[in-house]
Amino acid sequence: LLTQDKEISIFCVREPRLHKDGRWHTHVDYEICLHTNSLCFRKKTSSVRRRYSEFVWLRHCLEQNAFIIDLPKLPPWNPFFSLKNTEQVIQRINGLQKFLEIVLHAPLLLSDSRLHLFLQSDLSITEIARCAVGKTRYTVAEAIQCSRTGCIRSEEKVSCDSDCER
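Counting from 4, one number per residue, gives the positions in the sequence shown under my numbering.
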């Protein structure tokens with residue numbers, strides 16, 4: 004699938020999933036799959052689930068670190084977002100995909116360890132922020148390597164199919 008001649012990163016945002024946190028509180032998360040032969044990434048294949056609010060956090064972090072780059076916008080927040088509205092779902096997924104596509108093609112942004120932890124670890128955004136500044140018992144590399152294996156946090160293993168598109 005991936006040749007060694009040229010660095011290629013194939014990723015996709017897909018499979019929105021609704022989570023109910025009690026009677027009134029719900030949120031949606033999305034699977035982010037990454038297949039790459041790039042030396043920038045510790046793992047060549049990964050799959051994580053992230054919420055829209057975590058994308059907002061990531062954009063804010065990247066904006067603080069790379070103020071010379073005009074970061075792409077995220078799709079607008081919609082208080083009435085519904086998984087039943089196919090058009091809304093497609094627009095949000097496409098917007099998140101476009102955001103990541105631009106970010107992953109910016110060498111300066113690829114040097115931010117929070118981006119790598121966001122894409123390749125199961126850590127929460129609080130844990131990502133702490134790990135990125137060395138305030139955890141594990142390194143960035145260890146957090147990524149142990150993702151989905153239970154070294155740092157045990158969660159169900161999620162496979163990453165090869166049907167992701169660029």
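Where is the CB? At the ideal position from N, CA and C, for every residue including glycine.
Just so we're clear, the structure is a prediction, and the values are computed from it rather than from any experiment.
Considering only C-alpha positions, which residue in the set the options is nearest to residue i?
{"i": "Phe83", "options": "Val31, Val143, Gly137", "result": "Val31"}
{"i": "Lys23", "options": "Ile128, Leu113, Leu86, His119", "result": "Leu86"}
{"i": "Trp80", "options": "Asn68, Tyr55, Lys101, Leu65", "result": "Tyr55"}
{"i": "Ser50", "options": "Leu103, Phe14, Thr89, Gly25", "result": "Phe14"}
{"i": "Asn40", "options": "Arg151, Glu10, Trp27, Arg133", "result": "Glu10"}
{"i": "Asn68", "options": "Gln100, Gly25, Ala135", "result": "Ala135"}
{"i": "Leu37", "options": "Gln94, Ile131, Gln100, Gly25", "result": "Gln100"}
Rounded to whole angstroms, how far is the Cβ of residue i from the Cβ of residue j, which I believe are closer than 8 Å?
{"i": "Ser12", "j": "Leu107", "result": "6 Å"}
{"i": "Arg45", "j": "His119", "result": "7 Å"}
Check whether the Cβ atoms of residue i and residue j lie closer than 8 Å to each other.
{"i": "Ser116", "j": "Val143", "result": "yes"}
{"i": "Ile35", "j": "Val16", "result": "yes"}
{"i": "Ala146", "j": "Ser127", "result": "no"}
{"i": "Cys64", "j": "Leu113", "result": "no"}
{"i": "Leu122", "j": "Gly98", "result": "no"}
When the Cα atoms are used, what is the spatial distance from residue i to residue j?
{"i": "Gln148", "j": "Ala109", "result": "23 Å"}
{"i": "Leu61", "j": "Asp8", "result": "31 Å"}
{"i": "Leu74", "j": "Arg53", "result": "19 Å"}
{"i": "Ser150", "j": "Trp27", "result": "31 Å"}
{"i": "Ser157", "j": "Asn88", "result": "The pLDDT assigned to Ser157 is 34, lower than 50, so where the model puts this residue is not dependable; a value taken from the coordinates is nonetheless given after this. Cα to Cα, the separation comes out at about 33 Å."}
{"i": "Ile96", "j": "Glu90", "result": "10 Å"}
{"i": "Thr48", "j": "Leu103", "result": "16 Å"}
{"i": "Arg133", "j": "Glu57", "result": "15 Å"}
{"i": "Ile72", "j": "Tyr33", "result": "26 Å"}
{"i": "Gly137", "j": "Thr129", "result": "13 Å"}
{"i": "Gln94", "j": "Phe70", "result": "27 Å"}
{"i": "Arg140", "j": "Ile131", "result": "12 Å"}
{"i": "Ile105", "j": "Glu66", "result": "13 Å"}
{"i": "Gly25", "j": "Glu18", "result": "22 Å"}
Quick one: what's residue i bridged to in DSSP?
{"i": "Arg53", "result": "Tyr33"}
{"i": "Cys15", "result": "Cys36"}
{"i": "Lys23", "result": "Thr29"}
Got a sec: does the ligand NAP put a non-hydrogen atom nearer than 7 Å to the Cβ of residue i?
{"i": "Lys46", "result": "Absent from the structure shown: the ligand NAP. Ligands present: none."}
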